Amino acid sequence: MKSPSLSSPVEEKIAWAEECYNAFGERFLEDRALRDLLSRLESAVKISREAMLNAGILEICRACEEDEGGSCCGAGLENRYDGWLLLINLLMGVKLPGSRYDPRSCYFLGRHGCLLQARHVICVNYVCPKITQAVDPRKMKSLREKEGDELAALFLLHERVKKIGKE
0 MKSPSLSSPV
10 EEKIAWAEEC
20 YNAFGERFLE
30 DRALRDLLSR
40 LESAVKISRE
50 AMLNAGILEI
60 CRACEEDEGG
70 SCCGAGLENR
80 YDGWLLLINL
90 LMGVKLPGSR
100 YDPRSCYFLG
110 RHGCLLQARH
120 VICVNYVCPK
130 ITQAVDPRKM
140 KSLREKEGDE
150 LAALFLLHER
160 VKKIGKE
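For the sequence shown, numbering that gives the first Met the number 0 assigns the number 0 to the initial residue and increments by one for each residue that follows.
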């Protein structure tokens, strides 16, 4: 399964991921190591999102998007995603969007935030100055540790999915 290039339009990457999922989803999910990595990532995502909520970051981002006219999740950010990462989201039960919610925003930003579970490293790591000024440094340190666990799990899962997909 040759995935579309990173420079391909997001709609093409989504179509490829959905085609792979429909054709080979069971094959992926039969792999015990992949299922274990999916579970590890799901747990890590839940923990890091709870830390974001508890630190007040989700509210800061919501206010920026809704009250101040835009957030860091701008149009074009979706171009960083590859087909494999979108396939991982499908394996996690995410329904990928068929169109962009807001023309100014990332293709994967919906009415209530990011639609994806498995996010690109830049989406996990980036923190704007407004957040760094508003959030207690101890909470940021704790969040960063949790995000590190999320990214480590994502990396291992990404590699496993590619290995199975290329067999």
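From the three backbone atoms N, C-alpha and C, an ideal C-beta is built for every residue, glycine too. Note that the structure is a prediction, hence the values are computed from the model and not measured.
- Rounded to whole angstroms, the separation of the alpha carbons of C113 and A151 is 20 Å.
- The Cβ-Cβ distance between K145 and I59 does not fall below 8 Å.
- Rounded to whole angstroms, the Cβ separation of M51 and L142 is 6 Å, and the two are in contact under 8 Å.
- Beta-bridge partners assigned by DSSP to G147: none are found.
- Less than 8 Å separates the beta-carbon of E149 from that of A43.
- With fewer than 16 other Cβ atoms from the protein chains shown falling within 10 Å of its own Cβ, K45 counts as exposed.
- Close CB contacts of P3 within its chain, under the 6 Å cut and outside five residues either way in sequence, are with E11, K12, W15, G82 (chain order).
- The C-beta distance from V134 to A54 rounds to 5 Å, short enough to fall under 8 Å.
- In the DSSP assignment, K45 falls within the alpha helix (DSSP H) that extends over 31 to 54.
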